[in-house]
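Residue 3 is where the sequence shown starts when you use this note's numbering, and the numbers rise one by one after that. The beta-carbon is built from N, C-alpha and C at its ideal position, and this holds for glycine as well.
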Amino acid sequence: MKAMRLTAWGGEPALCEVERPIPREAEVLVRVEAAGLCHSDLHVVDAAAGELPYRAPFTLGHEVAGHVAALGPDADGPAVGERVALYGPWGCGGCARCAVGRDNYCDRRGDLDWHGVGLGRDGGMAEYVLVPSARQLVPIGDLSAAQAAPLCDAGLTSYHTVAGMRHALGEGTTAVVIGVGGLGHLAVQILRATTPSRVFAVDVREEALALAEQSGAHGGTLMRSDTARVLKARTGGLGVDAVLDFVGTTATLELATEVLRSGGELALVGSGGGQLTVRKPGFLPPGLRVSLPFWGTRPELTEVIALARSGALHVETEQFPLSVAREAFGRLRGGQVRGRPVLVPA
Ligand code: NAD
Ligand code: ZN
Ligand code: ZN
């Protein structure tokens with residue numbers, strides 16, 4: 003079968019021919035119908051040898067939906083043909099966190115040489131993907147695979163991020179989303195669907211601000227030297243209650259701390275490598291809380307899929323046949339994609 007693989011660190015991923023896996027023990031083989039392409043895939047492809055704990059080669063693709071093709075002899079759960087999304091942040095499978103579907107915060111994460119499907123383990127940019135256990139599958143019913151796949155990370159991480167700051171997002175509050183790409187446009191929709199907050203977006207691209215508005219944002223502003231002033235003015239000078247940073251450079255972190263009011267919430271999601279100095283006394287807003295959300299939990303994936311099935315979420319996608327995956331990587335790198343690129347195997 004065809005698979006988009008990271009064959010060596012520091013090189014471009016390549017479409018390779020590999021054996022179709024056979025499910026053993028409790029494993030489940032899923033026929034991939036769609037796989038999302040995340041900005042994290044670019045970070046992985048750009049990483050130098052030794053920067054990430056993964057061992058190359060492996061197949062990329064950590065946002066995956068399809069249907070069950072075959073079951074190992076000990077697998078229980080879904081029937082062959084059932085349509086599913088993959089819960090991707092596979093943990094050790096044995097710790098207290100994994101037992102309740104919080105594999106994203108697995109206690110043994112530091113000892114594993116993967117972060118999940120497509121991140122050190124063979125992923126879904128392929129015709130088939132092997133899943134270690136049926137517990138990593140969530141039924142999607144009649145949701146299209148192209149919608150379901152991006153929900154597995156872009157949707158789930160955004161949902162988990164909003165869930166972590168929900169206490170700060172009551173009536174009369176304001177949230178700012180920085181970076182309106184695959185994750186950000188869904189974060190805007192999730193904020194609108196599940197909180198009463200006013201939502202403002204920040205991006206370097208006008209098209210991304212248009213997507214934010216289409217996703218329900220009350221306004222948007224380009225990332226410029228006066229952005230903090232513009233955002234503060236929109237809150238009558240008070241400052242905002244929450245910032246969801248899907249970029250994570252020093253400039254976006256500084257913007258966040260400038261616009262947050264006392265007791266504000268900052269979630270750093272983007273892997274831009276920026277730094278924020280935490281010091282007391284200092285210049286950070288009093289009461290500031292900073293979180294570093296990583297992916298999301300299995301129950302949250304079920305919730306985000308239910309939200310999409312209810313009609314409250316719509317993933318903006320650009321679809322590409324798996325055979326031209328490299329073109330999709332190039333377009334995402336060039337900032338030319340509206341929403342999420344999705345790869346579809348033939
Ligand atoms: P994307 O490429 O789809 O979107 C990024 C958006 O940010 C684009 O609209 C781009 O124009 C905008 N942008 C870039 N630089 C900017 C700047 N300086 N100021 C404002 N906007 C800017 O990316 P994505 O797939 O949505 O991922 C976003 C980030 O989140 C990436 O760093 C990715 O690695 C990370 N990520 C983290 C997690 C997690 O669990 N923490 C999960 C998935 C992705
Ligand atoms: Zn991702
Ligand atoms: Zn674990």
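| Item | Value |
| --- | --- |
| Only counting the same chain, and skipping five residues up and downstream in sequence, which positions put a Cβ closer than 6 Å to that of L255? | G276, L278 |
| Beta-carbon distances below 5 Å to any heavy atom of ligand 2 define the shell here; list its residues in chain order, please. | C40, S42, D155 |
| With a threshold of 16 other CB atoms inside 10 Å of the CB of P80, please say whether the residue is buried or exposed. | buried |
| When the Cα atoms are used, what is the spatial distance from E320 to G122? | 25 Å |
| By how many angstroms is the C-alpha of G120 removed from the C-alpha of L44? | 12 Å |
| Specify the secondary structure class of E267 as computed by DSSP and reduced to three states. | strand |
| In chain order, what are the residue ranges of uninterrupted beta strand (DSSP E) at least 3 long that sit wholly in the segment 36-118? | 65-73, 85-88 |
| Between V292 and L270, which are expected to be in contact by the criterion C-beta below 8 Å, what is the C-beta distance as a whole number of angstroms? | 7 Å |
| Closer than 7 Å to a non-hydrogen atom of ligand 3 - does that hold for the CB of R18? | Per the sequence presented here, residue 18 reads as Cys, with Arg not at that position. No, ligand 3 has no heavy atom inside 7 Å of this Cβ. |
| Which residue wins for smallest C-alpha separation from D205, given the options R33, R340, V66, P15? | R340 |
| In angstroms with no decimal places, state the Cα-to-Cα distance between R104 and R300. | 6 Å |
| Does the segment 20-29 come close enough to the segment 44-56 that 3 or more CB-CB pairs lie under 8 Å? | no |
| Apart from the five residues on each side of it in sequence, which residues of its chain come closer than 7 Å, Cβ to Cβ, to V306? | L153, G157, L158, Y161 |
| Any heavy atom of ligand 1 within a distance shorter than 7 Å of the CB on M225? | yes |
| My output table needs one value for E260: the three-state DSSP class, helix, strand or coil. | helix |
| Is DSSP giving E27 helix, strand or coil here? | coil |
| For C18, which residues does DSSP report across the bridge? | A5 |
| Just to confirm my understanding: we take A10, look at its own chain, exclude 5 residues before and 5 after, and list those with CB closer than 8 Å. What are they? | A58, P59 |
| Quickly, what does DSSP pair T176 with across the bridge? List them, please. | R200 |
| Whose C-alpha, out of A77, G90, D76, is nearest the C-alpha of V66? | G90 |
| With a Cβ-Cβ cutoff of 8 Å, do G126 and W92 count as a contact? | no |
| Given a threshold of 16 other Cβ atoms within 10 Å of its Cβ, counted over all protein chains shown, does D124 qualify as buried or as exposed? | buried |
| So, using beta-carbon positions, are A77 and P141 closer together than 8 Å? | no |
| Taking only the alpha-carbon atoms, compute the straight-line gap between R342 and R328 and give it to the nearest angstrom. | 15 Å |
| Can you give me the C-alpha to C-alpha distance between E267 and V201, rounded to a whole angstrom? | 14 Å |
| Do you know whose CA, among P295, G272, G274, T259, lies nearest F285's CA? | T259 |
| State yes or no: is the C-beta of D105 nearer than 7 Å to some heavy atom of ligand 3? | yes |
| Below 6 Å CB to CB, which residues in the same chain sit around L240 once its five sequence neighbours on both sides are set aside? | R263 |
| Quick check on this structure: which residue in H69, A50, A5 has the alpha carbon closest to the alpha carbon of V30? | H69 |
| Under a three-way DSSP split, which group does V326 fall into? | helix |
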